[in-house]
Ligand SMILES: NC(=O)c1ccc[n+]([C@@H]2O[C@H](COP(=O)([O-])OP(=O)(O)OC[C@H]3O[C@@H](n4cnc5c(N)ncnc54)[C@H](O)[C@@H]3O)[C@@H](O)[C@H]2O)c1
């Protein structure tokens, strides 16, 4: 059993911290956000993540998991310190590493015995070396540490499952001692024969960016193919299904939509493309994916405007789904943000409903009317836009919806509504790549 500290108790730090305590270690999750820690100490979970409440409760009750704002003490007591603070996009598109370097300084100052310092945050290639330099500068003469890059691949919405049953664990280090300690941290996974990929620090950092950029690319690709399907009377669902049945392609990340969002793909693609340019390499594919994504968000706005000949002034539009994807309350870079902004700019009134994310979005757009269910949101509106693929929207009673709305106008950016029913009920509708000759309505 190891004494482990996670610095940063957000989507990654909290899930990983709780997960590592579930592996049998003694874990302290530390954060400077006092409200968050106070909530956790009271047994409340500050984010929405399926299964996380049970995981936290189980390990708190077993005495293996606790929460603190005393980051210094948490570092001093640990054998392994995980860095899981945010690395948001800076103004120039690069990753903002302020929090990372601040934490590195704190680690240097509190290094009282040998520790493994392990970065879980997504950091640009070369950051590990800078973190080591900062800790070296601040640590006392005789204090030792080793460094590991251990990027995290969990997905919000299925983060608990992804952490406890990962496809692989990447450990980038040049220290055999640290590697052994990390293998011990991940012992249950090691026993389960989860692939443990050992690399250099830079390679581990690169693996994370290369993976995220590839997935973003796949989404932008299928979105562009869907846009072309619109124009040539082809059905993107059938195209994606047939493409995905090719083992070289795989069916995952072939769902067209309103453009990718969330706390990772937008910022990570930009940071990677920026880093590459600084190194004299242009990542044309990644830059293309970023550009296509912005265009996709704009295309969705044009689609809804198209129902009103471009003039939405005075119209009331309902937005169903605010989170960047289902099963999360995270709205960071959600396409709902671009959509709401464009509707408000065009003079429309916006009503919105999300099962979990109303509260988060209300901080960004207080003038939007937030509703407690989809029925209330679509009532007396001139159009509805579905932006998140929440399960409850799949089963919407379209007859009831039509009766509630002023005009039966729908933009289904997730392609979740049955086209035959939309046709039967006389809706005017748009989707992403299923305009034409749809044979299989699934
Ligand atoms: N969210 C995801 O799905 C996901 C997946 C894989 C990797 N990542 C990466 O993991 C990192 C964390 O992402 P997140 O979504 O958990 O971020 P987050 O914003 O949810 O959490 C970051 C936390 O760090 C805390 N923090 C900031 N400075 C601190 C300091 N000096 N000391 C202690 N705590 C501090 C913040 O208060 C916040 O609670 C990022 O680099 C992100 O790119 C995120």
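In the numbering used here, the protein residues as written are 88 to 529.
Here a beta-carbon is modelled for each residue, glycine too, at the ideal position from N, C-alpha and C.
Fair warning: this is a prediction, and the values are worked out from it, not measured in the lab.
Nonlocal neighbours in the same chain, by C-beta distance under 6 Å from residue i, ignoring five residues either side
i	result
residue 236	206, 215, 259, 288, 291, 292
residue 517	390, 498
residue 156	121, 124
residue 196	225
residue 444	409, 410, 416, 418
residue 432	none
residue 313	323, 343, 519, 520
residue 93	100, 104, 116, 169, 171
residue 182	174, 211, 358
residue 257	238, 284, 291, 294
residue 442	477
residue 448	409, 418
Simplified DSSP assignment, three categories, for residue i
i	result
residue 381	helix
residue 436	strand
residue 202	strand
residue 499	strand
residue 517	strand
residue 540	An answer regarding residue 540 cannot be provided, because it is not within the stretch 88 to 529 covered by the chain.
residue 340	coil
residue 152	strand
residue 105	helix
residue 117	strand
residue 431	helix
residue 142	helix
residue 308	helix
residue 134	coil
residue 510	helix
residue 100	helix
residue 504	coil
residue 127	helix
residue 241	coil
residue 314	helix
residue 122	helix
Segment limits, alpha helix (DSSP H) that includes residue i
i	result
residue 471	Segment 470-473 is the beta strand (DSSP E) holding residue 471; no alpha helix (DSSP H) there.
residue 327	323-331
Limits of the unbroken beta strand (DSSP E) element including residue i
i	result
residue 94	90-94
Cut-off 7 Å between Cβ atoms - residues of its own chain near residue i, not counting five sequence neighbours on either side
i	result
residue 466	491
residue 311	379
residue 372	304
residue 503	473, 476, 480, 481
residue 102	136, 139, 241, 246, 247, 250
residue 281	253, 255, 256
Other residues of its chain near residue i: CB distance less than 8 Å, five sequence neighbours each side excluded
i	result
residue 316	322, 323, 326, 520, 521, 522, 523
residue 144	130
residue 88	111, 112, 113
residue 179	361
residue 188	217, 218, 221
residue 165	90, 91, 92, 115, 202
residue 176	182, 183, 353, 354, 357, 358
residue 154	96, 115, 116, 117, 118, 124, 127, 128
Distance cut-off 7 Å: residue i Cβ against heavy atoms of ligand 3
i	result
residue 96	Because ligand 3 does not appear in the structure shown, any question about it cannot be addressed here, the ligands present being ligand 1.
Could you pull out every unbroken beta strand (DSSP E) segment of at least 3 residues lying fully inside the stretch 350-427, listed in chain order? With a minimum length of 3 residues, the unbroken runs of beta strand (DSSP E) contained wholly in the stretch 350-427 fall at 403-407.
Which full runs of the alpha helix (DSSP H) of 4+ residues lie inside the stretch 157-239, going along the chain? For the stretch 157-239, whole alpha helix (DSSP H) runs of length 4 or above, ordered along the chain, are 158-164, 185-196, 214-225.
Which parts of the stretch 441-491 are runs of the beta strand (DSSP E), unbroken and 3 residues or longer, counting only runs that do not cross its ends? Counting only runs of 3+ residues, the beta strand (DSSP E) found wholly inside the stretch 441-491 occupies 470-473, in chain order.
Return the chain-ordered ranges of every beta strand (DSSP E) run that is complete within the stretch 245-306 and spans a minimum of 3 residues. The beta strand (DSSP E) runs of length 3 or more contained entirely in the stretch 245-306 are, from start to end of the chain, 256-259, 283-286.
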